[in-house]
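These notes are about the structure you will find just below.
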Amino acid sequence: MTVHEPIGCHEAVAHLWEMLDGQLDELDQRLLDRHLAWCLRCCGELAFARELRGMLRARSEAPVPDDVLRRLETFIDDLPAPATGEAPG
Amino acid sequence: MLGVDERTELQRLCRQELPGLYSLARRLGGVDAEELVQDTLERACRSFRSLRDPQAACKWLRTILTNLWRDRMRRDGRLPDEVPVEDERDFSLYRTLEEEDPLPYSDTLHVDFLGAFSEHDVHVVLERLPLRYRAPLVLRYIEGFDATEVATLLDLPDGTVMSQLHRGRQRFERELWSYARESGLVDGLAMTADGATEGTNA
Ligand SMILES: [Zn+2]
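So the sequences go chain by chain: A and B.
The numbering of the first sequence is my numbering, which starts it at 1 and goes up by one.
The numbering of the second sequence is my numbering, which starts it at 1 and goes up by one.
And the structure:
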């Protein structure tokens with residue numbers, strides 16, 4: 001059995017988003033969990049990363065200007081019937 | 001008869017996804033968003049048969065749009081291929097906030113800081129990022145594609161996208177901080193004592 005060096009804050013922080021993305025392998029996850037079990041600051045970093053991630057998703061809508069919306073809706077109204085048969089190529 | 005129903009269904013899906021598509025086109029940037037959405041709708045119309053499950057329409061349309069965007073950017077020589085990712089200096093917004101303490105009266109400094117950003121502010125910050133960071137961040141964290149899908153969409157190796165995401169996140173944090181300082185967002189927040197923030201649950 002291999003003994004793994006505990007990781008420090010620097011490495012822990014570098015892995016937080018990957019953890020939130022579900023992209024850490026088992027070993028890195030275990031090392032990170034061990035660090036988070038005692039490091040309050042990195043727990044704070046984790047909560048913050050979660051907020052930031054949520055903010056990026058929730059607060060970056062670019063609203064469609066009215067005139068653009070009208071033109072695009074007309075464009076949709078005028079779309080022909082979808083191509084039938086096999087897709088070309 | 002079948003054609004009529006399909007046309008109605010396609011139009012319904014397009015109308016439903018319109019705001020999201022326009023938003024994505026704007027956030028990817030570098031092209032005329034309205035034109036890109038029109039081309040996407042036309043392409044969707046031509047390949048509607050390839051959409052098996054209407055539930056997947058959202059992702060299907062976004063994939064078409066991103067592919068068209070990528071091809072256009074590449075044609076114009078504006079798509080950075082495998083540009084080696086420069087070594088961004090490590091930056092932690094969390095620690096910077098702690099050290100600079102821009103909201104001395106706040107008990108929930110970090111959340112209040114993020115709460116000060118409007119949709120417009122976030123958009124401006126994203127626009128400041130170089131394309132090689134912005135595109136992967138937008139596709140991964142706003143559109144919800146996973147990292148492998150992002151790599152396919154951008155036609156880049158997985159490893160390149162992973163490091164672009166990593167550096168891009170740090171750059172995004174750094175830009176949030178400089179934007180907050182330049183635009184007086186932080187001062188404004190410090191002065192409004194009530195500082196009510198909306199929840200940012202994903
Ligand atoms: Zn730590």
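Every residue gets a Cβ at the ideal spot worked out from N, C-alpha and C, and that includes glycine.
Since the model is a prediction, treat every value here as computed from it, not as a measurement.
With H, G and I counted as helix, E and B as strand and the rest as coil, what does DSSP make of residue i?
| i | result |
| --- | --- |
| Ser50 (chain B) | helix |
| Ser106 (chain B) | coil |
| Asn201 (chain B) | Here Asn201 (chain B) scores only 40 on pLDDT, less than 50, and its place in the model should not be relied on; the value that follows carries that caveat. Coil, per DSSP. |
| Asp66 (chain A) | helix |
| Phe75 (chain A) | helix |
| Leu79 (chain B) | coil |
| Glu143 (chain B) | coil |
| His4 (chain A) | coil |
| Leu24 (chain A) | coil |
| Ala180 (chain B) | helix |
| Gly195 (chain B) | Unreliable placement is indicated for Gly195 (chain B), whose pLDDT of 42 sits below 50; the coordinate value is still reported in the next sentence. Reduced to three states, the DSSP call for Gly195 (chain B) is coil. |
| Asp71 (chain B) | helix |
| Phe92 (chain A) | Beyond the ends of chain A as shown, which are 1 and 89, falls residue 92 (chain A); an answer cannot be given. |
| Arg26 (chain B) | helix |
| Val111 (chain B) | helix |
| Val37 (chain B) | helix |
| Trp38 (chain A) | coil |
| Pro19 (chain B) | helix |
| Val161 (chain B) | helix |
| Asp101 (chain B) | coil |
| Val31 (chain B) | coil |
| Arg59 (chain A) | coil |
| Glu9 (chain B) | helix |
| Ala116 (chain B) | coil |
| Ala87 (chain A) | Reliability fails at Ala87 (chain A), whose pLDDT of 47 lies under 50, so the model's placement of it is uncertain and the value that follows must be treated cautiously. Ala87 (chain A) falls in the coil class under three-state DSSP. |
| Ala81 (chain A) | coil |
| Leu2 (chain B) | Because the pLDDT at Leu2 (chain B) is just 44, under 50, the model does not fix this residue reliably, and the value given afterwards should be weighed accordingly. In the structure shown, Leu2 (chain B) sits in a helix (DSSP, three-state: H, G or I). |
Could you check where the alpha helix (DSSP H) with residue i kicks off and where it finishes?
| i | result |
| --- | --- |
| His120 (chain B) | Glu119 to Arg128 |
| Leu20 (chain A) | Cys9 to Leu20 |
| Glu149 (chain B) | Ala147 to Leu154 |
| Pro136 (chain B) | Leu131 to Leu137 |
| Arg89 (chain B) | No alpha helix (DSSP H) holds Arg89 (chain B); DSSP gives it neither H nor E. |
Buried or exposed for residue i, going by 16 or more other Cβ atoms inside 10 Å?
| i | result |
| --- | --- |
| His110 (chain B) | buried |
| Leu103 (chain B) | buried |
| Asp112 (chain B) | buried |
| Glu34 (chain B) | buried |
| Trp69 (chain B) | buried |
| Leu41 (chain B) | buried |
| Thr108 (chain B) | exposed |
| Ala37 (chain A) | exposed |
| Arg105 (chain B) | Residue identity differs from the one stated: residue 105 (chain B) is Tyr in this sequence, not Arg. Label assigned to Tyr105 (chain B): exposed. |
| Gln55 (chain B) | exposed |
| Pro65 (chain A) | exposed |
| Pro6 (chain A) | exposed |
| Glu182 (chain B) | exposed |
| Arg204 (chain B) | Nothing about residue 204 (chain B) can be reported from this structure: the residues present for chain B run from 1 to 202 only. |
| Ser118 (chain B) | exposed |
| Gly115 (chain B) | buried |
| Gln164 (chain B) | buried |
| Leu129 (chain B) | buried |
| Gly199 (chain B) | With a pLDDT of 40 at Gly199 (chain B), under the threshold of 50, the predicted position of this residue should be treated as unreliable, though the coordinate-derived value follows. Answer is exposed; the Cβ neighbour count stays below 16. |
| said: Taking 6 Å as the limit, name every residue whose beta carbon sits nearer than that to some heavy atom of ligand 1, in sequence order. | reply: A:Cys9, A:Ala12, A:His35, A:Cys39, A:Arg41 and A:Cys42
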